[in-house]
Structures are given as C-alpha cells and as structure tokens.
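Sequence lines, in order, name chains A and B.
Reading the first sequence from the start, the letters are residues 125 to 465 in this note's numbering.
Reading the second sequence from the start, the letters are residues 125 to 465 in this note's numbering.
Okay, so here's the structure we're looking at.
Protein chains: 2
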Amino acid sequence: MPRRATIIEVAREAGASKTSVSRYFAGERDKLSPALCERIAAAALRLDYRPNQMARGLKGGHSRLIGMLVADIRNPFSVAVMHGVERACREQGLALLVCNTDNDPELERTHLALMTSYQVEGLIINASGSPDAELQALTDRGLPLVLLDRELGAVEADLVGLDNARAIDLALDHLAEQGYGELLYLSEPPERASPRRERLTRFQAGLTARRLTGEAYTMSGSDEELARNIEAFLTRSAPKGSGEVPRALLCANGAVTLAATRALLRLGARLGKTGLMGIDELDWCALIDPGITTLAQPTEAIGQQAIASLLAKPGNQADAKARQHRFEPRVIARGSTRLSG
Amino acid sequence: MPRRATIIEVAREAGASKTSVSRYFAGERDKLSPALCERIAAAALRLDYRPNQMARGLKGGHSRLIGMLVADIRNPFSVAVMHGVERACREQGLALLVCNTDNDPELERTHLALMTSYQVEGLIINASGSPDAELQALTDRGLPLVLLDRELGAVEADLVGLDNARAIDLALDHLAEQGYGELLYLSEPPERASPRRERLTRFQAGLTARRLTGEAYTMSGSDEELARNIEAFLTRSAPKGSGEVPRALLCANGAVTLAATRALLRLGARLGKTGLMGIDELDWCALIDPGITTLAQPTEAIGQQAIASLLAKPGNQADAKARQHRFEPRVIARGSTRLSG
DNA sequence: TTGTACGCGTTATCAC
DNA sequence: GTGATAACGCGTACAA
Numbered sequence: 125m126p127r128r129a130t131i132i133e134v135a136r137e138a139g140a141s142k143t144s145v146s147r148y149f150a151g152e153r154d155k156l157s158p159a160l161c162e163r164i165a166a167a168a169l170r171l172d173y174r175p176n177q178m179a180r181g182l183k184g185g186h187s188r189l190i191g192m193l194v195a196d197i198r199n200p201f202s203v204a205v206m207h208g209v210e211r212a213c214r215e216q217g218l219a220l221l222v223c224n225t226d227n228d229p230e231l232e233r234t235h236l237a238l239m240t241s242y243q244v245e246g247l248i249i250n251a252s253g254s255p256d257a258e259l260q261a262l263t264d265r266g267l268p269l270v271l272l273d274r275e276l277g278a279v280e281a282d283l284v285g286l287d288n289a290r291a292i293d294l295a296l297d298h299l300a301e302q303g304y305g306e307l308l309y310l311s312e313p314p315e316r317a318s319p320r321r322e323r324l325t326r327f328q329a330g331l332t333a334r335r336l337t338g339e340a341y342t343m344s345g346s347d348e349e350l351a352r353n354i355e356a357f358l359t360r361s362a363p364k365g366s367g368e369v370p371r372a373l374l375c376a377n378g379a380v381t382l383a384a385t386r387a388l389l390r391l392g393a394r395l396g397k398t399g400l401m402g403i404d405e406l407d408w409c410a411l412i413d414p415g416i417t418t419l420a421q422p423t424e425a426i427g428q429q430a431i432a433s434l435l436a437k438p439g440n441q442a443d444a445k446a447r448q449h450r451f452e453p454r455v456i457a458r459g460s461t462r463l464s465g
Numbered sequence: 125m126p127r128r129a130t131i132i133e134v135a136r137e138a139g140a141s142k143t144s145v146s147r148y149f150a151g152e153r154d155k156l157s158p159a160l161c162e163r164i165a166a167a168a169l170r171l172d173y174r175p176n177q178m179a180r181g182l183k184g185g186h187s188r189l190i191g192m193l194v195a196d197i198r199n200p201f202s203v204a205v206m207h208g209v210e211r212a213c214r215e216q217g218l219a220l221l222v223c224n225t226d227n228d229p230e231l232e233r234t235h236l237a238l239m240t241s242y243q244v245e246g247l248i249i250n251a252s253g254s255p256d257a258e259l260q261a262l263t264d265r266g267l268p269l270v271l272l273d274r275e276l277g278a279v280e281a282d283l284v285g286l287d288n289a290r291a292i293d294l295a296l297d298h299l300a301e302q303g304y305g306e307l308l309y310l311s312e313p314p315e316r317a318s319p320r321r322e323r324l325t326r327f328q329a330g331l332t333a334r335r336l337t338g339e340a341y342t343m344s345g346s347d348e349e350l351a352r353n354i355e356a357f358l359t360r361s362a363p364k365g366s367g368e369v370p371r372a373l374l375c376a377n378g379a380v381t382l383a384a385t386r387a388l389l390r391l392g393a394r395l396g397k398t399g400l401m402g403i404d405e406l407d408w409c410a411l412i413d414p415g416i417t418t419l420a421q422p423t424e425a426i427g428q429q430a431i432a433s434l435l436a437k438p439g440n441q442a443d444a445k446a447r448q449h450r451f452e453p454r455v456i457a458r459g460s461t462r463l464s465g
C-alpha cells in the first residue's frame, strides 16, 4: 500500500534539500535556480507529491481552511450564498469547512468548537443562536469573523447581508404602485434573527409613511392556522368606511412565501387580485400561475463579499472597525402583484 | 492576544504529563485514576483547552475529516443527501469538508487534490467527470471511498444511490395504472452520469414489457426547443389507427421536472389530462395546480448509508468487495397523473 | 542560492 | 497507572 510521498523523499529524488522543495511549493520559485526548479518539478511529478496541509497548518497556523456555519443548509438562499463563498475560496486557494446547525444553538456551539479545533483561518457565521461570548473570544484571539445575514449584538465583526430596510421599501413601493392599499406582512418569529426584526420594523414604519394600512402576522403554528389568519385578513370588511381596497401579502423570506402560497391556493384566492410578494427568489416562483413577484438577493455577491471581508481583516489587529456590507435586492415583478390580471 | 492553550500547558496546570492529558482526551479515561481525571478536567476547563486537530492528524493520520465532492451544490437532492451525511458525521465525531465542482471535471480534479492534501479519512464522491485514475490511486492507498448516485466504471468502490430500475418500474406502473399509454421520457444528456443511462435504458425496456408506446428526448437546447418537442409529442396523431391514448411525460430528475413544467404551462396544457411525473420530490411539486406526481428519494438514508459504508471499509484492507446500496423511492401521487381530474 | 537544525501540538512506544 | 521521549511532515531562522 503506497503511502503518499513526503517532502523529504522529493528532496532526495531531486537531489535537493527540504528547504528548496518547501520554497518551491510555497510559491517562492523565483528564489531558486531554474535548474533546481526543474529537478524538483520532475521529482514531485514522479512521486505524485502533494504538500500535507495538516503539517503546514501545524507550523505557522496556515491551515488555509475557512469555516462556514450555516443555520439551515436546506434553505436555497444559504446554499446560493455558499456557492459564492466557495468560488471565492477557490480563487484564493482556500478550502471550506461547512457545518450546518439546523437552527439548533446547541449544535452551533458544538460545531464552533469543531471548526476552531481545525485551526480555521476565518469564520463565516450565519447564526442560529446567540453564541456571542464564544465568538467574541475568537475575535479577541485574532480570528477573522464575518456575520452572514444575521447580526449578533455583542460581537464586533463585519456583517454581510441584505439591505433590509431598502428591501422592504422596494416592496412597499412596488405594492403601493400596483394599487394595493392594505397589507399583511408574514414572518417567522422575529426574536432570534435580526433580519426578521429589521424587516418587520421597517414594514411598520413604511406603512405610515405611505399611508397604507396593514398588519403583521407571525407564523408559529400550523398551515391551517396560517390559512385562517390570511382568510380573516382577506375577508374582513374595509376599515373606516373607505371603499374596498386591494389587499396583498408580503412574505419575509422564501420559506414564508412557500407557506403563504400554499395557504392562498387552498383558500382559492386568485393571485394578482390578492397580491403576493416575497423576499428571496426561488425556482418555482415563475411557475405558479401568474407568477409570484419576488425580491431577489444577490447571493453570489454576498458570498464573495464574505470572503473579501475575511481577507481584509488585518489578521491580528483587532482595531479595524466592524463594517457592514448591505446589498440591494432586485424586484422581479410578476403577475401576483398585477391587479389588472 | 491570548493564544489557545496547548496540551503541555494543561499538563503543567494539572500537574500531570502530556501523555495522561492526551489519553484523557483520546477517550481512554478508564485507564487513568479518577483523581488524575478530575485534575485534568479542571485544568482543561480553566484554560479552555481544545485538542488541535491539525496536530492530531499529523501524527496518526487521524484527521477526523471526511471529504464530500458534490457535482452541483444547488441541486436540492444533493443538499438533502449532504444533510444526511452531515448528521452521520456528527454522530461519529467527524468533520465534513465539502467541495462543489459545478459539474466541471477540471474543478473536480483540483478539489480532489485539495481534499487529499488535508488527509481526509474518507471520500464521498458525486462525480461530474471521470476521475477514475485519480480515485483508483486513492483507494489503492487505502482511502475509503464511496460513490454517490453516479457510478464510475473503473473504480472499485461502494455505490450508494437510488435503485434506478425500480424507480422507473414504479413510475411506469403508476402511469400505466392511471391510464396513460403513450409516454415521453425527458432526460438530460445521459453520457456522463450513470443514473441517467440506467433510467433511460430501463424506461425503454419497461415500455415493451408493459405494451406501452413511448420515446425519449434528451434535453440539450433551449426551453423553446423543449417546448416544441413536447408539443410535437402531444399533438401528433395516434399511431396504428388505435384510438386516442392519454399521454404523459416522465422526467428523469428535478431539474428536468422544472423545465418540463415550465414548458407544459407555456403550452397551456392541462396537467392530469397531460400526465406529468418526475423523479425527485421538490418543495413546489404540491403547489402547481393539481399537484405534480413524484418519486421521492430517501435522501437522508442515502446520506447516512454513505458514511456507514465509509466506516465499514476495513481501512487498509482493500480486499472488501465493492457493494451497492440501492434505495427504493416512494411514489407521491398527485393530480398531474389523474386523468379524471 | 542552498542546506542544517529546530519547533509546531499531538500521539505511540516503551520504560517505570 | 503514569511519565519520558521519539516521531509525524513541514516552515523557517540561521548558517554556509
């Protein structure tokens, strides 16, 4: 059973020293004579040598590993961002250690410990719980950290994500333009995830600014309960004697859009007559009959920015101020917000 | 900037030797006196010590790392399997290094090299190209290997995936039962992915066995072209003077189902009257009007089996025969294969 | 430009 | 039971 060749064997095969081989693979070939380079290259090829990253990491702390902690790997948004992160890593010669917490704070702690035990050089966190203390300890130790999508109060770290206020503004403007005057905002429980809070807050502020009426409903129970609440919203009589005003639903993210669509279809609502708009673009949004209007996040850009932020960190200098990188979404207008249909 | 404590510091703090501390964390506590255990535990806690996996991996080759190479991370099926893999890893105290090849054989080679440089203890491969030589070299070196979903001719390794023949049989039986007699099988180019070939072959064999008529179309071009072909299939006159027979589409995987649904809706077809069935269950299949009938793969089980197979490999003994673990799908019948609708 | 010697944090081996 | 010591494969002063 042939073992993998080590740097020593390559050195012997090439008639050179460890040091030279090491330099060769560390990208310092310009400091070697062309002849030596050639010999080393040939030897390495013959022996199929690859530097052992474990040993490399042990020495200088250069593991070339980036850790990414995702709250829900089955969320297409997370995967899309991960795709961007991966591409950026590849361009930098970094490897990506991915852990999924399934929104379990306990698991999150476990995985955090796991990743640090592999001496990751940077950490991208899409938090499920509030591991503030653990994370702060890591940044204090000089580990570059980037928060993805979800903010964490007590941690000084860059944040990369959506411009939630702008997103809600775009949504409200679009809905108002299309003639919807009474809105129902649907969200998952906003307690633990900062974007949910930001979006909800902005929604409520945005209503009054635009003289719209509306309310928010937090999904917690069953599909049935959601459907009941939507039905109540759609069927109750218009307020204050004003004439009948078109009503629309605004969904805080992809999961909510799915649930809301299911509910609307079950209620027999006609999309468009009943407005429907969601944050996060999904495969199937164009398929549901007149098409569902969405706000698409630039997931690839978000992913790449996460790595860029990580790399921009002055390594050990923790003096750099935490920055925010907020990306603007794009409105994809479809039939579900077209009254004339 | 506080560094992470090392085993030496813990040993000193606990008044013990490196060896004992190492044993403590290697799970050999039963070979230590309770008193020593206690002292080590206390010292480790005080210093917030965590074993350095890099150093561990260097010594014994025990990186506790599993590599997973995915052809397309944005395919929900892959993510679902990955979820199962991850869970299994966690239960075994393993970490998962995930790489996405975006179906690029070049990238696949790169990532393969990357993973081995991290001394992964096992590899799960959902192949994009045919890195047979590289993989065989790895198994020869004693690295446990599992092929996921896609077979690779020249490599002796376990395969975990769908029972494709059974899946097609189930689909054909279901369609025939529901009264569809003329079928169009839609697939992506079958050249490089073994499941596509297996499914296609079985489809053609299954037709004659059931006295159904049908044909296969390989998607390669645009949506428009697909729509044209589907339209041609749906509108041409019945063969051999037999009366009009209900027609149905069978989609080889989730991506195809999406494209086919788009095409059908554009053509204004009524689902059910025109049958539609797809392999792979997706979020939105229940949403499209009468519901789209699917074959759901047991993704979680597949993922867990992949790790189980990896761990079952006798490590260095390459004598173990390559086994196949074929899972049976489940029919989720919906309106798209109900003629009466 | 090239080679020598040491250390990174851990585990395995062998004494006690 | 416990402890000293030698690897593991590599990077890097430092010397030549």
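A virtual CB, placed ideally from N, CA and C, is assigned to each residue, including glycine.
Open item on the list: Less than 9 Å between the beta carbons of B/L406 and B/T418, yes or no?
Closed with: Yes.
TODO: Using a threshold of 9 Å, state whether the C-beta atoms of B/A195 and B/A140 are closer than that.
DONE: Against a cut-off of 9 Å, the Cβ pair of B/A140 and B/A195 comes out as no contact.
- [ ] Spell out whether any CB of chain A is found under 9 Å from the CB atom of B/E210.
- [x] Yes - at least one Cβ of chain A is within 9 Å of the one on B/E210.
TODO: Establish whether the CB of A/T332 and some CB of chain B are separated by less than 9 Å.
DONE: Closer than 9 Å: no.
Task: Euclidean distance between Cα positions of B/N440 and A/E133 - done: Annotation note: pLDDT 47 at B/N440 (below 50); position unreliable, no value reported.
Open item on the list: Check whether the region 187-204 of chain A and the region 183-193 of chain B touch, using three or more Cβ-Cβ pairs below 8 Å as the test.
Closed with: Because the criterion of three Cβ pairs below 8 Å is not met, the region 187-204 of chain A and the region 183-193 of chain B do not touch.
TODO: Report the three-state DSSP secondary structure of A/I248 (helix, strand or coil).
DONE: Look at A/I248 here: in three-state DSSP terms it is strand.
Open item on the list: On the CB-based measure, 16 or more other CB atoms within 10 Å of its CB, does A/R360 come out buried or exposed?
Closed with: Under this definition A/R360 is an exposed residue.
Task: CB contact flag (A/L247, A/V222, <9 Å) - done: Using a Cβ distance threshold of 9 Å, A/L247 and A/V222 do not count as a contacting pair.
Open item on the list: For a contact defined as C-beta to C-beta under 9 Å, what are the partners of A/A150 on chain B?
Closed with: For A/A150, there are no neighbours in chain B by C-beta distance under 9 Å, as the nearest C-beta there is about 14 Å away.
Task: Cutoff 9 Å: B/Q216 Cβ touching any chain A Cβ - done: Contacts with chain A at 9 Å (Cβ-Cβ) do not include B/Q216.
TODO: May I ask which residues mark the beginning and end of the beta strand (DSSP E) holding A/V203?
DONE: Counting along the chain, A/V203 falls outside any beta strand (DSSP E), though it belongs to the alpha helix (DSSP H) covering 200-216.
Open item on the list: The beta strand (DSSP E) that contains B/Q448, what's its start and end?
Closed with: Where B/Q448 is concerned, the enclosing beta strand (DSSP E) stretches over 448-451.
TODO: Please report how far the alpha carbon of A/P175 lies from the alpha carbon of A/F149, in whole angstroms.
DONE: Rounded to whole angstroms, the gap between the alpha carbons of A/P175 and A/F149 is 8 Å.
Open item on the list: Let me check one thing: in DSSP terms, what residues is A/M192 bridge-paired to?
Closed with: Per DSSP, A/V222, A/I248.
Task: Buried or exposed (CB count within 10 angstroms, at least 16 for buried), A/L272 - done: A/L272 comes out buried.
TODO: Write down the C-beta distance between A/V279 and A/D256 rounded to the nearest angstrom, noting that I regard them as a contact closer than 8 Å.
DONE: Contact between A/V279 and A/D256 holds, since their C-beta atoms are separated by about 5 Å, short of 8 Å.
- [ ] Could you check the C-alpha separation between B/F451 and B/A425 for me, to the nearest Å?
- [x] Cα to Cα, B/F451 sits roughly 8 Å from B/A425.
Open item on the list: For B/R170, list the residues DSSP reports as bridge partners.
Closed with: DSSP output for B/R170 lists no bridge partner at all.
Task: Interface residues of chain B facing A/T240 [CB-CB closer than 7 Å] - done: Against A/T240, the close residues of chain B are R174, in the order they occur along the chain (beta-carbon pairs closer than 7 Å).
Task: Endpoints, the beta strand (DSSP E) within which B/I354 is located - done: Not the beta strand (DSSP E): B/I354 falls in the alpha helix (DSSP H), residues 347-359.
Task: Contacts that B/G468 makes with chain A (C-beta to C-beta distance below 8 Å) - done: With chain B covering only 125 through 465, there is no way to say anything about residue 468 of chain B.
TODO: Report buried or exposed for A/A430, applying the criterion of at least 16 other Cβ atoms within 10 angstroms of its Cβ.
DONE: Around the beta carbon of A/A430, 16 or more other beta carbons lie within 10 angstroms, which makes this residue buried.
TODO: Take the Cβ of B/G277 as the centre, count every other Cβ of all protein chains shown within 10 Å, and call the residue buried at 16 or more, exposed below.
DONE: So B/G277 counts as exposed.
- [ ] Kindly list, in the order they appear in chain B, the residues whose Cβ is closer than 7 Å to that of A/A179.
- [x] The answer, in chain order, is L182.
TODO: Could you tell me which chain B residues have their CB closer than 8 Å to the CB of A/I426, listed as they occur along the chain?
DONE: Correct list: empty, because the minimum Cβ distance to chain B is about 15 Å.
Task: Beta-carbon proximity list for A/C375, same chain, < 6 Å, skipping 5 on both sides - done: Its chain contains L310, T381, A384, G402 as the residues whose beta carbon lies nearer than 6 Å to that of A/C375, once the 5 sequence neighbours on both sides are disregarded; these appear in chain order.
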